[in-house]
Amino acid sequence: MAKRQSATNPAQTLFAIKRLIGRKFEAREVESFRDVAPFEILAAENGDAWVDVNGHAHAPQEIAGLILQRMKETASEYLGEPVEAAVITVPAYFNDAQRQATKEAGLIAGLEVLRIINEPTAAALAYGIDKEEEKTVAVFDLGGGTFDVSVLELGDGVFQVLSTNGDTYLGGEDFDRCVVEHLANRFKDENGIDLRGDPMALQRLKEAAERAKHELSSVAETDVNLPFISSDESGPKHLELTLRREELEEMVAPLVQRLEGPCLIALEDAGVDVSAIDEVILVGGMTRMPRIRAKVEEIFGRVPNTSVNPDEVVALGAAIQAGVLNGELEDVLLLDVTPLSLGVETQGGVFTSIIPKNTTIPTAKSQVFSTTEDGQELVRIHVLQGERELADRNMTLGRFELVGLPPAPRGVPQIEVTFSLDTDGVAHVSARDLGTGKSQSISVTASSGLTEEQVEVLIGEAEAQQRDDSERRERIELRNKLEGLVYSTEKTLAEFSLEIEAEQQRNIRIMLDEFSSLDASVDSEDLRSRLEALSQATFELTEHLYARLAPESDPPEGDRGSSI
43 MAKRQSATNP AQTLFAIKRL IGRKFEAREV ESFRDVAPFE ILAAENGDAW VDVNGHAHAP
103 QEIAGLILQR MKETASEYLG EPVEAAVITV PAYFNDAQRQ ATKEAGLIAG LEVLRIINEP
163 TAAALAYGID KEEEKTVAVF DLGGGTFDVS VLELGDGVFQ VLSTNGDTYL GGEDFDRCVV
223 EHLANRFKDE NGIDLRGDPM ALQRLKEAAE RAKHELSSVA ETDVNLPFIS SDESGPKHLE
283 LTLRREELEE MVAPLVQRLE GPCLIALEDA GVDVSAIDEV ILVGGMTRMP RIRAKVEEIF
343 GRVPNTSVNP DEVVALGAAI QAGVLNGELE DVLLLDVTPL SLGVETQGGV FTSIIPKNTT
403 IPTAKSQVFS TTEDGQELVR IHVLQGEREL ADRNMTLGRF ELVGLPPAPR GVPQIEVTFS
463 LDTDGVAHVS ARDLGTGKSQ SISVTASSGL TEEQVEVLIG EAEAQQRDDS ERRERIELRN
523 KLEGLVYSTE KTLAEFSLEI EAEQQRNIRI MLDEFSSLDA SVDSEDLRSR LEALSQATFE
583 LTEHLYARLA PESDPPEGDR GSSI
């Protein structure tokens, strides 16, 4: 429904919400997205990027939660039993804030999030679950909004991630944008009208660009026809042109080149030569593009493996991991890694890494810190995630204050700070004063994400909305059943009017007339009551007709008394 209305109502149609989840409004990626998104992106009180829908601000995890809620309903219908827990996959290069926000989305949807796992890792699970021989594989995952590459060793039920790298702002959306720019420029050159200033026209361009990109994966050229895309004093204007695969590949060449760097870094971090890669697994719809496959072959020196469905393999891997966690699958061991280093800001604004990137998780590491001033009674700890040398160039996870230190000369207090990453790749921090042997309290100020109170409110709203949706759906189903019964009853009355007694016919007609005048807002209980009453009346009518018509269709003499 959202996709169908996107061209006519672009300002209220959300897409690519994954590009905003867990990000700050002032982030470079959000600024870039604001330039092309037809809907409004605004800053929340905590600085996160939120979206505006009909004048109301919504967190990206709230929107993602609604999507997960719908997926939960679909899965429950298919399985015939309620789905209450899930394994959720995320891009491997998602940072802590993005992972936390994803867990919040699951909670809002009413799900117990059993595990957050990386998409390339999930794909490797699906690929290697039935393979016993040891292999070193690279998973190349290019989806609609993100790019990940992971190097793994797998065999005999063990899946060990050696390294991961990627770009959380590189995907199919960017390739589409290149085509949109090309189409808009061509139209402007020919007609003097810039379609980028018209949200509805821009959305039509986006849909045409996506369609052309898909078609050019299987054909050499395709036609783009958008009638009445604009108009001027001379009349309506149409966009009509032919797009060739070579043109598309030239447009997206800079994006294709950006895929190489993360692959080479992942190989270097894994300590694996490209010649040691046995298979390259393709994941994500964008890997269907011939130029992407050719680039993968250039980077890894081998033809990529296309035996898995790039759109389904990640979901299959998540299902396998859920089976492992539930004890339904045995002899499967998954060893994932953290994609980014975790550390603190130290004197001079330097970033000191405590848990390096590509460390196997879960893990915990400690480091001892001290004071920089005499008599210092508290230590401020700035927790960061990233790979830059300077603290202010990395992602802030939180700020901690270790309070109540006994006065002492600088450098004397010994403060052990422990950083840990759980199996979801989510960070936790604790601290204690080694001098006194006592644990110290840490006050944490969240730098992003929703508070527990906000999550609880959104969970309540989602549950209420789900109840409203269920009620609405029940009303629709009851009304449909009632309409079907009304139709068949009217047909019976018309066909056998001479066989039906006048009073019985009149009573049924009253029921039918009452239904035709029903208000659209009538509740389920009323509809159910009317359905039961009409069902009983039609049952009695059918009995009456059988009794009246039976003598006219007596069975042959030899069949009398036979039964079914």
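Letter by letter, the sequence shown follows residues 43 to 606 of our numbering. Ideal Cβ positions, reconstructed from N, Cα and C, are used throughout, including at glycine.
- Within the same chain, Asp-198 come within 6 Å of Glu-174 by CB-CB distance, once the 5 residues on both sides are set aside.
- About 5 Å separates the CB atoms of Pro-304 and Gly-208; that is less than 8 Å, so the two are in contact.
- For a cut-off of 8 Å, the C-beta gap from Glu-429 to Leu-382 is around 7 Å, short enough to register as a contact.
- For the pair Glu-252 and Asp-216, the CB atoms are not nearer than the 8 Å cut-off.
- Gln-389: not part of any beta strand (DSSP E); DSSP gives it neither H nor E.
- Under the three-pair Cβ rule at 8 Å, the region 224 to 235 counts as touching the region 267 to 282.
- Beta-bridge partners of Gln-140 (DSSP): none assigned.
- Considering only Ile-542, Val-366 and Pro-80, the residue with the shortest C-alpha distance to Asp-94 is Pro-80.
- In terms of CA proximity to Val-379, Asn-400 leads the group Gly-64, Asn-400 and Ser-559.
- Boundaries of the beta strand (DSSP E) harbouring Leu-281: 277 to 286, taken from the DSSP string.
- Ranking His-98, Glu-87, Gly-64 and Arg-65 by CA distance to the CA of Gln-54 puts His-98 first.
- Residue pairing by DSSP puts His-424 in a beta bridge opposite Arg-441.
- Nearest to Pro-102 by C-alpha distance, out of Val-298, Arg-590, Leu-62 and Asp-311, is Leu-62.
- Bridge pairing for Ile-397: Leu-384 [DSSP].
- In the DSSP annotation of this structure, Arg-435 is not part of any beta strand (DSSP E), being labelled neither H nor E.
- Asn-549: not part of any beta strand (DSSP E); member of the alpha helix (DSSP H) spanning 544 to 558, first to last residue.
- Nearest neighbour of Ala-336 by Cα position, chosen from Leu-301, Ala-360 and Asp-315, turns out to be Leu-301.
- Taking Leu-554 as the centre and dropping the five residues before and after it, the same chain places the C-beta of Val-528, Thr-531 and Glu-532 closer than 7 Å to its C-beta, in chain order.
- Glu-419 and Phe-182 have their C-alpha atoms roughly 50 Å apart.
- Excluding the 5 residues flanking it on each side, Gly-417 has same chain C-beta neighbours closer than 6 Å at Pro-449, in chain order.
- In the DSSP annotation of this structure, Phe-57 is not part of any alpha helix (DSSP H), being labelled neither H nor E.
- The region 355 to 365 and the region 157 to 174 touch, with three or more beta-carbon pairs separated by less than 8 Å.
- The DSSP-derived three-state label of Ser-408 is strand.
- Taking the Cα positions, Ala-134 is about 49 Å away from Val-564.
- The beta carbons of Leu-520 and Leu-573 sit closer together than 8 Å.
- Of all C-beta pairs linking the region 59 to 78 to the region 110 to 117, fewer than three are shorter than 8 Å, placing the two stretches out of contact.
- Contact between Val-179 and Leu-196 holds: their C-beta atoms lie close to 6 Å from each other, under 8 Å.
- Non-local C-beta neighbours of Arg-330 in its own chain, meaning closer than 6 Å and more than five positions away in sequence, comprise Ser-259, ordered along the chain.
- Under the Cβ criterion (8 Å, minimum of three pairs), the region 278 to 295 does not count as touching the region 308 to 315.
- According to the DSSP assignment, Leu-367 belongs to the alpha helix (DSSP H) that extends over 355 to 367.
- Nearest neighbour of Leu-535 by Cα position, chosen from Lys-523, Arg-551 and Asn-522, turns out to be Arg-551.
- Here Gly-89 is exposed. Its C-beta has fewer than 16 other C-beta atoms within 10 Å.
- About 10 Å separates the beta carbon of Gln-427 from that of Leu-463, a gap too long to meet the 8 Å contact definition.
- Take the alpha-carbon of Val-454 and the one of Thr-413: they are about 7 Å apart.
- Looking at Pro-352, Arg-441 and Ile-150, the one whose alpha-carbon comes closest to that of Glu-495 is Ile-150.
- Residues of the same chain with a CB within less than 6 Å of the CB of Asn-233, apart from the 5 flanking positions on each side, are Lys-279 in chain order.
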